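Some notes on the structure that comes next.
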Amino acid sequence: MTLSPTTRWLLRGAMALGLAFIYVPLVIVLLNSFNADRTFAWPPSNWTTQWWARAWESQGARDALWTSVKAGLGATAIALVLGTMVSFAVARFRFFGRDSISLLIVLPIALPGIVTGIALDSAYQTAIRPMGVEKGLFWVIVGHATFCVVVVYNNVLARLRRLGGNFEEASADLGADTFQTFRFVTFPLIRSALFAGGLLAFALSFDEIIVTTFTAGPGVQTLPIWIFNNLFRPNQAPVINVVAAVLIVVSIVPIYLAQRISSDSAAGSRL
Amino acid sequence: MSAVSTMDRSPGGASPESATAGGPVRRFASWLHRHGWVRLGVLLSAPMAWLVVAYLGSLAVLLVSSFWTVNSFTGDLVREPTLENFRTIFAEPVYRNVAIRSVGVAVAVTVIDILIALPMAFFMAKVASPRVRAWLVIAILTPLWASYLVKAYSWRVMLGNGGPVDWLLGGPGRGPGYGLPATILVLAYLWLPFMILPIYAGLDRLPNSMLEASADLGGRAGRTFRSVVLPMIVPAVIAGSIFTFSLSLGDYIAVQIVGGKTQLIGNLVYANIGTANNLPFAAALATIPVLIMVGYLAAVRRSGALDQL
């Protein structure tokens, strides 16, 4: 389509404005973490690093971070196992109900988070609590794993479909058994897809607040829950701001890793 | 086939030769290889147990419990099916207003995101050079990895009294502050990448030759956009709108952060679980977004948008 120079400049302007809309709030948070004024008056009149020092010493933030990492690792491990199993079944077999499986797996993330949250909560209240099991980290991992399966499944399934079955057949023809084929042929071929899916699963779990709210119970605080609980306390505001700034900077790491490890898999998209 | 496997498993069947040839692991592997349905069963067992029993089971419990009530004196669940909860939701104007407001917010967020995303996606797919395009895709993807809470918080800072938006508009109190407009703005901000990416992918698939053909036939840029580009990317726009709509309908966190006293369905659900301790009523309220989403998905099914998710 031949665009007039004016249209081109308008589109360029729209792109620039859109990117500004996306990035300015994040940059403001970064700048504010050095704002000496406690109420974040803008523009900052003085700069300080004392909030960073205070945040570093915040025991609550550290504990919450550690809880989040544990929950994320647990959920990612379960999602990797379950997601890989389903994707192999769907990619390598034909069976009744195969088409419904994708829908079933997408459902936990397609429905609003609060629905998944209270569904797990009501299941807990009616079925699990009578058995004497308390809410806590384990139940958080269960909740997170439920919606993390989909990202592993999507990544591994896409890879398996692209690979086809030829390598596995060749391996079998050369005398390898099922387990050897998986260990020496299939696994190395899907490793980067597993990595990308695992990374996404961890990021999803690390960021999740709604499902966590309904599954954590008292005493278990992941980082998002801790941030949310302290968000409305003026005294904690500067520390929250530093934690937010750190999370913004850290979010560049998975993008960088995903770009390096696999250029083909859906490393960026969340679904 | 089956005769071979029976021989293998029978005690006398394992001759010394076959044992040296592989051992039990290998024999188990070849037995598995010959029985595809066993492998399939093993592969599906754990995931299906998890998703069907744990997840669909939970959803079923939720659905059933929306017909229960809570004894208002003891706070115990009364497990007798009644339509009481749904009757309350339809009869009380409060709930109707909140439901309408929630849908309105979801629609506004979706429209704003389409308006922002269309020119951006068009620039990325059809104007930018391939190198710039690669960088722009990364620039759109990166904020998806930033924490949801941090992004909502960044707008709390932006819109705060005396914050950057106030400063830009000339002093404390000049900006919109917290409230319903802020909620719509922040939700549009949060879900914008979910709209840009499908539209970009749709435009990327649209062959340039079609645009050239339209130009050759005398279509100016505006006409080409209306008559060629728009009809082709409708499924992509709908795919994006499924995200923005569903995510907006279920949200109750961003509303609390920047919404002031604004209430959406999510807040009511949350309040009924937490302070009111009325799980059945919360479950009944939660069926509203589910029904809206199922209806929406069914309505757009024929457009082919679901393949672009």
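Those protein sequence lines, which keep their order, are chains A and B.
For the first sequence, my numbering assigns the number 3 to the initial residue and increments by one for each residue that follows.
For the second sequence, my numbering assigns the number 1285 to the initial residue and increments by one for each residue that follows.
Ideal Cβ placement from N, Cα and C applies to all residues, glycine included.
On a predicted model such as this, the values are computed, not experimentally measured, just so you know.
Continuous alpha helix (DSSP H) stretch holding residue i: start and end
i: Q1 (chain A); result: One cannot answer for residue 1 (chain A) here, as it falls past the ends of chain A, which runs 3 to 273.
i: A16 (chain A); result: 7-34
i: S207 (chain A); result: 189-209
i: P1310 (chain B); result: Pro is not the amino acid found at residue 1310 (chain B); the sequence shown has Arg there. Taken as a continuous stretch (DSSP letters only), the alpha helix (DSSP H) holding R1310 (chain B) covers 1307-1318.
i: Q61 (chain A); result: 61-94
i: G1506 (chain B); result: 1505-1508
i: I242 (chain A); result: 239-252
i: R1586 (chain B); result: It is not in any alpha helix (DSSP H) - R1586 (chain B) carries neither H nor E in the DSSP assignment.
i: N1562 (chain B); result: Looking at the DSSP string, N1562 (chain B) is not in any alpha helix (DSSP H), and its letter there is neither H nor E.
i: K1435 (chain B); result: 1432-1443
i: S1511 (chain B); result: Note, S1511 (chain B): premise wrong, no alpha helix (DSSP H); not H, not E.
i: M133 (chain A); result: That residue, M133 (chain A), is in no alpha helix (DSSP H); it is neither H nor E in DSSP.
i: T118 (chain A); result: 115-125
i: L1490 (chain B); result: Unbroken run through L1490 (chain B): none, as it is neither H nor E.
Residue burial classification, residue i (beta-carbon count within 10 angstroms, cutoff 16)
i: Q61 (chain A); result: exposed
i: T1528 (chain B); result: buried
i: T1559 (chain B); result: exposed
i: W49 (chain A); result: exposed
i: G1296 (chain B); result: Summary for G1296 (chain B): the model assigns pLDDT 41, below 50, so the residue's position carries little reliability; its value from the coordinates is reported in the next sentence. G1296 (chain B) is exposed by the Cβ-count criterion.
i: R1585 (chain B); result: exposed
i: S1386 (chain B); result: buried
i: M299 (chain A); result: Outside the modelled stretch of chain A, which goes from 3 to 273, sits residue 299 (chain A), for which no answer is possible.
i: D1450 (chain B); result: buried
i: E210 (chain A); result: buried
i: T8 (chain A); result: exposed
i: I1424 (chain B); result: buried
i: T41 (chain A); result: exposed
i: P1300 (chain B); result: The predicted position of P1300 (chain B) is uncertain, since its pLDDT is 44 and thus under 50; no value can be drawn from it.
i: L1487 (chain B); result: buried
i: V1288 (chain B); result: At V1288 (chain B) the pLDDT is 39, less than 50, meaning the model places this residue with poor confidence; the figure from the coordinates comes in the next sentence. V1288 (chain B) should be labelled exposed.
i: F98 (chain A); result: exposed
i: T215 (chain A); result: buried
i: V1470 (chain B); result: buried
i: T51 (chain A); result: exposed
i: A1307 (chain B); result: Per the sequence presented here, residue 1307 (chain B) reads as Gly, with Ala not at that position. Exposed, because fewer than 16 other Cβ atoms sit within 10 Å of the Cβ of G1307 (chain B).
Assumed close pair residue i, residue j - CB separation to whole angstroms, cut-off 8 Å
i: Y1473 (chain B); j: G1543 (chain B); result: Between G1543 (chain B) and Y1473 (chain B) the Cβ distance is about 14 Å, and since that is not below 8 Å, they are no contact.
i: T1467 (chain B); j: T1546 (chain B); result: 5 Å
i: I1373 (chain B); j: L1569 (chain B); result: 7 Å
i: G1320 (chain B); j: F90 (chain A); result: Their Cβ separation, rounded to whole angstroms, is 12 Å, which puts G1320 (chain B) and F90 (chain A) out of contact at 8 Å.
As assigned by DSSP and simplified to three states, the class of residue i
i: T1366 (chain B); result: coil
i: L1594 (chain B); result: Lying outside 1285 to 1593, the shown extent of chain B, residue 1594 (chain B) is not represented and no answer is given.
i: L109 (chain A); result: helix
i: W1352 (chain B); result: coil
i: M1291 (chain B); result: Note that M1291 (chain B) scores a pLDDT of 38, beneath 50, so its modelled location is shaky; the value from the coordinates is reported in the next line. The answer is helix: DSSP assigns M1291 (chain B) an H, G or I state.
i: W1451 (chain B); result: helix
i: W49 (chain A); result: strand
i: L1275 (chain B); result: The first residue shown for chain B is 1285 and the last is 1593, placing residue 1275 (chain B) beyond what the model contains.
i: N1381 (chain B); result: helix
i: N37 (chain A); result: strand
i: S1484 (chain B); result: What sits at residue 1484 (chain B) in the sequence shown is Tyr, not Ser. Helix.
i: N1551 (chain B); result: helix
i: A1412 (chain B); result: coil
i: T1372 (chain B); result: helix
i: E171 (chain A); result: helix
i: N1458 (chain B); result: For clarity, residue 1458 (chain B) is Arg in the given sequence; the question names Asn instead. It is coil, neither helix nor strand.
i: F140 (chain A); result: helix
i: G1463 (chain B); result: coil
i: I257 (chain A); result: helix
i: V222 (chain A); result: coil
i: W1429 (chain B); result: helix
i: A43 (chain A); result: coil
i: G1524 (chain B); result: helix
Contact under 7 Å by Cβ, residue i with residue j
i: V158 (chain A); j: I107 (chain A); result: no
i: I229 (chain A); j: I250 (chain A); result: no
i: V1441 (chain B); j: N34 (chain A); result: yes
i: L13 (chain A); j: V1411 (chain B); result: yes
i: G199 (chain A); j: V153 (chain A); result: yes
i: G76 (chain A); j: K137 (chain A); result: no
i: V1382 (chain B); j: L1533 (chain B); result: no
i: I143 (chain A); j: I212 (chain A); result: no
i: L74 (chain A); j: F208 (chain A); result: The identity of residue 74 (chain A) in the sequence shown is Gly, whereas the question assumes Leu. Against a cut-off of 7 Å, the Cβ pair of F208 (chain A) and G74 (chain A) comes out as a contact.
i: V1512 (chain B); j: M1494 (chain B); result: yes
i: V1430 (chain B); j: S253 (chain A); result: Residue 1430 (chain B) is actually Ala in this sequence, not Val. Closer than 7 Å, so yes.
i: L32 (chain A); j: L225 (chain A); result: no
i: N1561 (chain B); j: G1359 (chain B); result: yes
i: A16 (chain A); j: P1403 (chain B); result: yes
i: P1573 (chain B); j: S1349 (chain B); result: no
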